[in-house]
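In what follows, a single structure is set out as structure tokens and then discussed.
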Amino acid sequence: MSEGRFGRFGGRYVPETLMVALDELRETWQHLRTDEAFLAELRQRSATFVGRPTPLYEAERLTEHHGGAKIHFKREDLCHTGAHKLNNALGQAVLARHMGKRRIIAETGAGQHGVATATVCARFGLSCTIYMGALDMRRQEVNVRRMRLLGAEVRPVTSGTGTLTDATSEAIRDWVTNVRDTHYIIGSAVGPAPYPAMVREFQRVIGDEAREQYLAAEGVLPDVVLACVGGGSNSIGMFSGFLDDTGVRLIGVEGGGTGTGIGEHAAAAARGTPGVLHGSFSYVLQDDDGQIRPTHSISAGLDYPGVGPEHAMLAEQGRASYVAVDDDGALAAYRLCTRLEGILPALETSHALRHAGTLAAELGPGGRILVCLSGRGDKDMDTVTGAVDEHTNGNPAIGALAAT
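Put into structure tokens, the structure is as follows:
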């Protein structure tokens with residue numbers, strides 16, 4: 002990988018105004034990433050504030066239900082604030098303090114990155130503004146209340162579809178205007194360099210821990226590592242621990258929505274084409290003129306028309322593969338995991354859990370599957386309840402689960 006590039010993907014496609022800020026961020030990051038004092042502070046705060054290491058968990062009843070491969074979870078839902086997002090938010094907040102930035106902005110879809118950013122800003126006494134699509138604010142109302150309680154200003158974005166894409170665009174506009182005193186904590190492995198590589202490094206703790214824990218528990222590596230993919234931060238963190246283990250299949254699971262037509266899904270890696278979005282060259286959902294297409298996923302965190310450039314490279318190399326799971330499949334997996342394991346997974350994660358069930362049957366007994374359980378799903382209860390009520394009479398699979 003050349004600087005800022007993953008193969009032909011990545012780079013910087015931003016206004017001239019941001020180049021100085023990105024250079025400052027790159028230089029600070031390159032210095033701090035090997036600075037022992039910085040790394041020691043991150044390790045200490047990760048242990049006492051985030052709650053690392055998170056455990057490896059054997060999903061015994063889910064394994065029995067699917068009748069095949071053994072399924073394990075990496076429990077990022079047990080991080081403080083309920084998702085892996087805090088790993089990156091903490092790292093970037095500490096980095097922002099080193100740059101003397103006192104104002105933080107961020108975008109959020111499912112609200113988990115917004116909550117994580119608001120949390121670290123409260124912890125360090127930083128001013129915090131979060132951009133969030135109006136539709137996502139309705140879907141994730143609990144997280145909106147959490148962010149405001151933590152002292153953040155949550156700015157609704159009503160343009161476009163009112164989702165993560167539009168929130169990201171507004172956050173970039175704010176950064177262009179206020180770049181002197183503001184640091185933009187991007188929540189996924191997307192955006193202009195150095196963000197994709199930097200976010201990956203803050204999240205690779207997931208994969209490093211998981212690999213060590215899995216070997217200690219099972220004595221071998223898993224056959225397959227699965228993670229959901231929106232922009233792709235939990236998945237690239239998880240995959241990073243196993244990239245050199247060529248015998249381990251890496252699979253990213255995207256939001257398949259309600260169909261394969263325009264505006265019906267958010268599967269950028271599986272169904273997109275190379276293009277530019279939010280300052281980076283990667284796989285995106287676009288029309289023939291390069292205009293970004295609308296997306297849909299029942300999961301706000303997956304409702305994004307692009308994917309991180311490192312994922313694009315891994316897909317092109319064939320090192321990782323990407324599939325889509327539809328809304329109904331994710332809902333069924335959400336309820337199944339809740340009933341069988343006593344764990345409410347985020348709707349984002351539920352997409353990966355649905356594909357894990359399919360793979361478990363294919364691999365059969367003796368197979369080994371590891372899933373990154375990226376976040377907890379109590380934030381999704383209103384969405385799930387509404388969707389199940391709507392579909393109970395029309396979808397046999399969900400109806401059967403609702404009746405159990």
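Position in the sequence shown (from 1) plus 1 gives the number in my numbering. Note that CB positions come from ideal geometry on N, CA and C, so glycine has one too. Treat the numbers as computed from the prediction; the structure is a model and nothing was measured.
### Query
Where does the unbroken alpha helix (DSSP H) through H114 begin, and where does it stop?
In the sequence shown, residue 114 corresponds to position 113, counting from 1. Taken as a continuous stretch (DSSP letters only), the alpha helix (DSSP H) holding H114 covers 113–125.
### Query
In the DSSP assignment, what are the bridge partners of Q287?
Working through the sequence shown from its first residue, we reach residue 287 at position 286. Note: Q287 sits in a beta bridge opposite I293.
### Query
Any contact of the region 154–168 with the region 246–254, i.e. 3+ C-beta pairs under 8 Å?
no
### Task
Please look up how many angstroms separate the CB atoms of G258 and D327, rounded, as I've assumed it's under 8 Å.
Your numbering for residue 258 matches position 257 in the sequence shown. Your numbering for residue 327 matches position 326 in the sequence shown. The Cβ separation is near 6 Å, so the contact holds.
### Query
According to DSSP, what are the bridge partners of L374?
Locating residue 374 in the sequence shown gives position 373, counting from the first residue. R76.
### Sequence-distant residues of its chain with Cβ nearer than 7 Å to F10 (five each side left out)
Working through the sequence shown from its first residue, we reach residue 10 at position 9. Counting only residues of its own chain and dropping the five nearest sequence neighbours on each side, F10 has a CB closer than 7 Å to the CB of F282, S283, P310, A313, M314.
### Task
Please work out which residues of its chain come closer than 8 Å, Cβ to Cβ, to G264, disregarding the five sequence neighbours upstream and downstream, and give them in chain order.
Taking the sequence shown and counting its residues from 1, the one referred to as residue 264 is at position 263. Here the set comprises R294, P295, T296, H297.
#### Entry: Per-residue burial, L150 [other beta carbons within 10 Å of its own, 16 or more giving buried]
As a first step, residue 150 is located in the sequence shown; it is residue number 149 there, counting from the start. By the 10 Å Cβ count, L150 comes out exposed.
#### Entry: Runs of beta strand (DSSP E) lying entirely within the region 38–91, each at least 3 residues, in chain order
57–59, 71–76
#### Entry: Range of the contiguous beta strand (DSSP E) that encloses T162
In the sequence shown, counting from the first residue as 1, residue 162 sits at position 161. Taken as a continuous stretch (DSSP letters only), T162 belongs to no beta strand (DSSP E), as it is neither H nor E.
### Query
I think R369 touches D137, with their Cβ atoms under 8 Å apart; what is that distance to the nearest whole Å?
Counting from one through the sequence shown, the residue named residue 369 turns up at place 368. Counting from one through the sequence shown, the residue named residue 137 turns up at place 136. The pair is not a contact, with the Cβ atoms about 35 Å apart (cut-off 8 Å).
### Query
DSSP state of E342, grouped into three classes?
Translated into positions along the sequence shown, residue 342 becomes position 341. In this structure, E342 counts as helix in the three-state DSSP scheme.
### Query
Got a sec? Which residues, its chain only, sit under 7 Å from Q141 by beta carbon, not counting five neighbours each side?
Here the question's residue 141 lines up with position 140 in the sequence shown. Excluding positions up to five away in sequence, the list reads A111, G112, A301, K380.
### Message
Helix, strand or coil for T109? Go by DSSP, reduced to three states.
### Response
Within the sequence shown, residue 109 is the residue found at index 108, counting from 1. Strand.
### Residue-chain proximity (Y132, chain B), Cβ-Cβ < 9 Å
The displayed structure is made up of one protein chain only, and chain B is not part of it.
### Query
Tell me which same chain residues have a C-beta within less than 7 Å of the C-beta of A268, skipping the five on either side of it?
Residue numbering aside, residue 268 sits at position 267 when the sequence shown is read from its first letter. Contacts found: E255, G256, G257, A325.
#### Entry: Helix, strand or coil at T18 [DSSP, three-state]
Within the sequence shown, numbered from 1, the residue matching residue 18 stands at position 17. Helix, per DSSP.
### Message
Considering only DSSP beta bridges, list what L278 is partnered with.
### Response
Here the question's residue 278 lines up with position 277 in the sequence shown. DSSP, once it has assigned bridges, lists S281 as partnering L278.
#### Entry: For P366, the three-state DSSP class (helix, strand or coil)
Taking the first residue of the sequence shown as position 1, residue 366 is located at position 365. Judged by DSSP in its simplified three-state form, P366 adopts coil rather than helix or strand.
### Task
Indicate whether I173 and T118 have their beta-carbon atoms separated by less than 9 Å.
On the sequence shown, residue 173 is found 172 positions in, with the first residue counted as 1. On the sequence shown, residue 118 is found 117 positions in, with the first residue counted as 1. Against a cut-off of 9 Å, the Cβ pair of T118 and I173 comes out as no contact.
### Query
Would a C-beta distance cut-off of 9 Å place R98 and F125 closer than the cut-off?
Position 97 of the sequence shown, counting from 1, holds the residue named residue 98. Position 124 of the sequence shown, counting from 1, holds the residue named residue 125. Cβ distance < 9 Å, so R98 and F125 count as in contact.
### Own chain partners of Q93 with C-beta closer than 6 Å, once the 5 adjacent residues on each side are dropped
Walking along the sequence shown from the start, residue 93 turns up at place 92. So the qualifying residues of the chain are I186.
#### Entry: Same chain only: Cβ atoms within 6 Å of R27, ignoring 5 sequence neighbours per side
Position 26 of the sequence shown holds residue 27. The answer, listed in chain order, is P195.
### Task
Apply the 10 Å Cβ neighbour rule to M239 and answer buried if 16 or more other Cβ atoms are within range, or exposed otherwise.
The sequence position of residue 239 within the sequence shown is 238, counting from 1. So M239 ends up on the buried side.
### Message
Helix, strand or coil, according to DSSP, for M138 in the structure here?
### Response
Numbered from its first residue, the sequence shown carries residue 138 at position 137. Helix, per DSSP.
### Query
Where are the beta strand (DSSP E) runs, 3 residues long or more, that stay fully inside the region 185–271, in chain order?
225–229, 250–258
### Helix, strand or coil at A403 [DSSP, three-state]
Looking up residue 403 in the sequence shown gives position 402. Confidence at A403 is low in this model, with a pLDDT of 39, below 50, so its placement is unreliable and no value can be given for it.
### Task
Tell whether a beta-carbon distance below 9 Å holds between R377 and A357.
Along the sequence shown, read from residue 1 onward, the residue named residue 377 stands at position 376. Along the sequence shown, read from residue 1 onward, the residue named residue 357 stands at position 356. No, Cβ-Cβ distance for R377 and A357 is not below 9 Å.
### Message
On the DSSP bridge list, what partners appear for G307?
### Response
Position 306 of the sequence shown, counted from the first residue, corresponds to residue 307. Its beta-bridge partners are V285.
### Message
Measuring straight from C-alpha to C-alpha, what distance separates I252 and V15?
### Response
Residue mapping note: residue 252 aligns to position 251 of the sequence shown, counting from 1. Residue mapping note: residue 15 aligns to position 14 of the sequence shown, counting from 1. If I take the Cα positions, the gap works out to 30 Å.
### Same chain only: Cβ atoms within 7 Å of G280, ignoring 5 sequence neighbours per side
Counted from its first residue, the sequence shown places residue 280 at position 279. The answer, listed in chain order, is R13, Y14, V15, G192, P193.
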